[in-house]
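Participant: Below you will find the structure I want to go over with you.
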């Protein structure tokens, strides 16, 4: 008889009966009772009243009964922690049981019971199980370390479990290695300050590759994912790893194949792109990806989403495999659409003929959505392959002749784009398009047709009659159609003013007086003002040459694409969004492909000096990737009460503009350049008159962070400053649009230092066209922290009445140097000795024309404090300290040879990632 009988009971007084059975002397009766309890718990009944009775059943040799009791404990321990503590002794005893299954079961259950009192007793049994003679126990204990880290990370670090976990990577059993890798990966992903000792190195990777061949398929996935996060030291190591991973491409499991593809895709970035080895890898990647397309539809879809990314990154991998993406009649619609998208990406001059023939076939199918996409794909082919544009246009005309309504409408939409791509080339077909005016009932198709009529009004004899026919139901049209109709009639008037004056007056009146749509009214007023004041200017504006549309308008932004390539075989590659866009509550680190060795060095525990990264702002991927962080954004601006409160808190004296001339800066440098006494005196002045000396703080020149093109007329320039122990973002907004801007708000994404606005954005509102407004936005470091690449990257969203815009900028690290960074000489000396010598890096600062005292003063003005100064063999040695807002302390030694313009800078810190940015800060300050 099956156990289903336990789920059908509805007796009253059941709890009392179960209590009696649980305390029975008969083992079989106890077992039956526990099964009934678990069944009741499974269907949602509250059986917590039986907690003590069920716990008493733990002391048994029956493995099945013990599993049931442990299952009950995991469910109810949180609600009754005081009673759960009585089970600890049994757990500890079970961890030393001769049966390895019971030992593993005990340590697994203790890891799942998230009760602090029980967690304290878990450490010793877990330590023993990590070194158990049975591999099943060891692999269970490895996963338990990750669970314990999630409960109490500090406890895991203090007890040395991280080192024990790393030792398991050398285990003789491959499944133990796989579980250890899975646990380490989990810890690194969920911990914002994971131990550097857990980072992979060459030796560890070699051990993982050795275990790879003997693991189960899911063990291989964990190992491959871990290897993909390792950045090889050089090209030779990357090639060696690729050779050992390549056999996994022939695995039967799709997840293993995709994980192997991810490793190879990442490592190809390190290899010479023109080498024969890379050519060979490209050839090897194609067959396994093609094989995935013969699986069931769900796996096909996942494979296709990943292939879409791979094709965008390296189209040569599948350039000869076009036919495998041809749609089959029995493919689900989601597979069909994805195949269609990849076909377009792979289309070139060589295969355009077979692609067009295939697309024309698809356009005659019964699935309306698929037909629409197919017609649109023909237009994309025309835009992408110029040599085949004429053939594509001919194909579209053939489809229009079918008179199928939705086919005609899609064809007109894409022909509009073809006209924009190839002006004055295919306008002879306009007459054919105009024959189908009466069949257009979709807003996008109607708007496209109106655009064509307006753009080529001088070639269409009855253009005024056609546009007037649209005007009859103006108020009932979609906004998209109304806007397009307004512009088209104005174009027509500028081309044929004599016989269309009444028509343009009619549409302007409808747009400005009878419409409630503010966009339509604004555009109507602009046209009215242009036409009434300066018709010549109106002609230049409205009839100006339009920029040609690009070949691919739906390509993923390169920075986001690089990150998604790092997440192949995960949900991120299916959603085409970075993990932090849809995973909450995890410290998901932004990943990017290694560009070269110097870029790859960030985040490694190498003792080699790291060159400063190029300060090149990256583009934020798009609204989807930041939506999670913008949900709590105050888009409404401050209330009048808040404005009044903020105004009342402003300092009486306005801050010195960043561009103001420092009249005393160089004078003091020269005056006090005589010796150390002057420096000490100035140090006292700094302490007493901190505000006065802050005027010498180095403020980088403003940079363009958001261009007017990307900001729809709003240009944002900015820099960072530090005044009176407060960090500021100096912003200048310029309105280059034709309408006022208002309702400004600003929000930062999570970043490496927790920077966030301390007050709402205060800016002149409304900001008239062709006007600029500047503001100082106070910042604090109390925001959410997430390590960025590069470390100083700051992603910003700015909102106004037009839209929300995104840009990124680089934080100059010296604005985070605190005024409390000065150390006592004894503390400095002891700290210097405590930091390992391998943490010391050296770099050269070139072309500095200052003496030691001037250098010391400049650095002190920027919160880099000189602790001591020595002269060794004619060479000045400055020993300095600084502290960041997040508590990281950095010690420095600056060697200055009199008469020489090159200085040697040595840095020591426990955090290696910040070295390139500290070096850059020294360089910027000393060259200011």
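In UniProt numbering, the protein residues as written are 1 to 928.
Note that beta-carbon positions come from the ideal geometry of N, C-alpha and C, so glycine has one too.
Since we're looking at a predicted model, the values are computed, not measured.
What would DSSP say about residue 755, mapped onto helix, strand or coil?
Facilitator: Sequence index remark: in the chain shown, residue 755 carries index 755 (1-based). Coil at residue 755, not helix or strand.
Participant: Just how far apart, CA to CA, sit residue 751 and residue 863?
Facilitator: Position 751 of the chain shown, counted from the first residue, corresponds to residue 751. Position 863 of the chain shown, counted from the first residue, corresponds to residue 863. Cα to Cα, the separation comes out at about 22 Å.
Participant: Thinking C-alpha only, which one of 320, 310, 300 and 319 is nearest residue 328?
Facilitator: Residue numbering aside, residue 328 sits at position 328 when the chain shown is read from its first letter. The shortest Cα separation from residue 328 among 320, 310, 300 and 319 belongs to 300.
Participant: Are the segment 173–181 and the segment 148–160 touching, with three or more C-beta to C-beta distances below 8 Å?
Facilitator: Touching, no, given that fewer than three Cβ pairs across the two stretches are closer than 8 Å.
Participant: Could you pull the start and end residues of the alpha helix (DSSP H) that residue 469 belongs to?
Facilitator: Locating residue 469 in the chain shown gives position 469, counting from the first residue. That run of the alpha helix (DSSP H) goes 463–471.
Participant: Using beta-carbon positions only, say whether residue 73 and residue 34 come within less than 8 Å of one another.
Facilitator: Your numbering for residue 73 matches position 73 in the chain shown. Your numbering for residue 34 matches position 34 in the chain shown. Contact: no.
Participant: Residue 384: buried (16+ other C-beta within 10 angstroms of its C-beta) or exposed?
Facilitator: By one-based count along the chain shown, residue 384 stands at place 384. With 16 or more other Cβ atoms within 10 Å, it is buried.
Participant: Can the beta-carbon of residue 496 be found closer than 8 Å to that of residue 457?
Facilitator: The residue given as residue 496 occupies position 496 in the chain shown. The residue given as residue 457 occupies position 457 in the chain shown. Yes, they are a contact pair.
Participant: Could you give the DSSP three-state label for residue 330: helix, strand or coil?
Facilitator: Position 330 of the chain shown, counting from 1, holds the residue named residue 330. Looking at residue 330 - three-state DSSP - the assignment turns out to be coil, as it is neither helix nor strand.
Participant: Between the C-alpha atoms of residue 305 and residue 331, what's the straight-line distance to the nearest angstrom?
Facilitator: Locating residue 305 in the chain shown gives position 305, where the first residue counts as 1. Locating residue 331 in the chain shown gives position 331, where the first residue counts as 1. Rounded to whole angstroms, residue 305 to residue 331 spans 15 Å at the Cα level.
Participant: Once you ignore the five residues that flank residue 325 on each side, which residues in its own chain have a CB closer than 6 Å to its CB?
Facilitator: The residue given as residue 325 occupies position 325 in the chain shown. Hits under 6 Å: 339, 342 and 343.
Participant: Using DSSP bridges, identify the partner residues of residue 809.
Facilitator: The count along the chain shown starts at 1 and reaches residue 809 at position 809. Residue 809 is bridged to 794.
Participant: What number of angstroms, rounded off, separates the C-alpha of residue 140 from the C-alpha of residue 841?
Facilitator: Here residue 140 refers to the residue found at position 140 of the chain shown. Here residue 841 refers to the residue found at position 841 of the chain shown. Approximately 41 Å, taken between the alpha carbons.
Participant: Tell me whether residue 368 is buried or exposed, calling it buried when 16 or more other Cβ atoms sit within 10 Å of its Cβ.
Facilitator: Translated into the one-based positions of the chain shown, residue 368 becomes position 368. Flag for residue 368 reads exposed.
Participant: When you compare the CB positions of residue 144 and residue 108, do they come within less than 8 Å of one another, or not?
Facilitator: For the purposes of this step, residue 144 is taken as residue 144 along the chain shown, with counting starting at 1. For the purposes of this step, residue 108 is taken as residue 108 along the chain shown, with counting starting at 1. Closer than 8 Å, so yes.
Participant: Go ahead and pull the three-state DSSP assignment for residue 783.
Facilitator: Here residue 783 refers to the residue found at position 783 when the chain shown is read from its first residue. Residue state, collapsed to three classes: coil.
Participant: Tell me the rounded alpha-carbon separation between residue 225 and residue 251.
Facilitator: Along the chain shown, read from residue 1 onward, the residue named residue 225 stands at position 225. Along the chain shown, read from residue 1 onward, the residue named residue 251 stands at position 251. Looking at the two C-alpha atoms, the distance is approximately 15 Å.
Participant: Kindly indicate which three-state DSSP category residue 349 falls into: helix, strand or coil?
Facilitator: In the chain shown, residue 349 corresponds to position 349, counting from 1. Residue 349 falls in the coil class under three-state DSSP.
Participant: Please classify residue 16: is it buried, with 16 or more other beta-carbons within 10 angstroms of its beta-carbon, or exposed?
Facilitator: Numbered from 1 along the chain shown, position 16 holds the residue referred to as residue 16. The residue in question, residue 16, is exposed, as its Cβ has fewer than 16 Cβ neighbours within 10 Å.
Participant: Classify residue 438 as buried or exposed, calling it buried when 16 or more other Cβ atoms lie within 10 Å of its own Cβ.
Facilitator: Taking the first residue of the chain shown as 1, we reach residue 438 at position 438. The residue in question, residue 438, is exposed, as its Cβ has fewer than 16 Cβ neighbours within 10 Å.
Participant: Roughly how many angstroms lie between the CA atoms of residue 37 and residue 52, to the nearest whole one?
Facilitator: Here residue 37 corresponds to residue number 37 of the chain shown, with the count starting at 1. Here residue 52 corresponds to residue number 52 of the chain shown, with the count starting at 1. Between residue 37 and residue 52, the C-alpha separation is close to 13 Å.
Participant: Do you know whose CA, among 577, 359 and 500, lies nearest residue 322's CA?
Facilitator: By one-based count along the chain shown, residue 322 stands at place 322. Comparing Cα positions, the closest option is 359.
Participant: Taking residue 845 as part of the beta strand (DSSP E), name the residues at either end of that continuous run.
Facilitator: Taking the chain shown and counting its residues from 1, the one referred to as residue 845 is at position 845. Where residue 845 is concerned, the enclosing beta strand (DSSP E) stretches over 841–845.
Participant: DSSP beta-bridge partners for residue 893?
Facilitator: Locating residue 893 in the chain shown gives position 893, counting from the first residue. Looking at the DSSP assignment, residue 893 forms a beta bridge with 879 and 906.
Participant: How would you write the range of the beta strand (DSSP E) that residue 748 sits in, first residue to last?
Facilitator: Start at 1 with the first residue of the chain shown, and residue 748 comes out as number 748. Element bounds for residue 748: 745–748.
Participant: Considering residue 383, what are the terminal residues of the alpha helix (DSSP H) in which it resides?
Facilitator: In the chain shown, the residue the question calls residue 383 occupies position 383. 368–384 is the span of the alpha helix (DSSP H), which, as asked, contains residue 383.
Participant: Closer than 8 Å by C-beta to residue 381: which residues in its own chain qualify, once you throw out the five before and the five after it? Chain order, please.
Facilitator: Here residue 381 refers to the residue found at position 381 of the chain shown. So the list reads 344, 347, 352, 355, 356, 359, 388 and 392, once near-sequence residues are dropped.
Participant: Taking just the CA atoms, how far does residue 523 sit from residue 450?
Facilitator: Your numbering for residue 450 matches position 450 in the chain shown. Your numbering for residue 523 matches position 523 in the chain shown. Near 17 Å, if we compare the C-alpha coordinates of residue 523 and residue 450.
Participant: In chain order, what residues of the same chain lie with their CB nearer than 7 Å to the CB of residue 409, ignoring the 5 residues before and after it?
Facilitator: For the purposes of this step, residue 409 is taken as residue 409 along the chain shown, with counting starting at 1. Answer for residue 409: 440, 442 and 445, listed in chain order.
Participant: What three-state label does DSSP hand residue 765 in the structure shown?
Facilitator: Position 765 of the chain shown, counted from the first residue, corresponds to residue 765. Correct three-state label for residue 765: coil.
Participant: Look at residue 777 and residue 728 and say whether their C-beta atoms are less than 8 Å apart.
Facilitator: Stepping through the chain shown from its first residue, residue 777 is reached at position 777. Stepping through the chain shown from its first residue, residue 728 is reached at position 728. Going by C-beta atoms, residue 777 is nearer than 8 Å to residue 728.
Participant: Can you name, in chain order, every residue of its own chain whose Cβ lies under 8 Å from the Cβ of residue 928, other than the five neighbours on each side?
Facilitator: Reading the chain shown from its first residue, position 928 is the one you call residue 928. Cβ within range, chain order: 698 and 858.
Participant: Considering only C-alpha positions, which residue in the set 259, 350, 472 and 422 is nearest to residue 379?
Facilitator: Numbered from 1 along the chain shown, position 379 holds the residue referred to as residue 379. The option with the nearest alpha carbon to residue 379 is 422.
Participant: Does DSSP put residue 647 in a helix, in a strand, or in coil?
Facilitator: Along the chain shown, one-based indexing puts residue 647 at 647. With a pLDDT of only 31 at residue 647, under 50, the local geometry of the prediction cannot be trusted, and no value is derived from it.
Participant: Does the segment 846–860 come within contact of the segment 751–760, defined as at least 3 CB pairs closer than 8 Å?
Facilitator: No: the two stretches stay apart, fewer than three of their Cβ pairs being nearer than 8 Å.
Participant: Taking the C-alpha atoms as reference points, what is the distance between residue 493 and residue 504?
Facilitator: Mapped onto the chain shown, residue 493 falls at position 493. Mapped onto the chain shown, residue 504 falls at position 504. Distance between the alpha carbons of residue 493 and residue 504: 7 Å.
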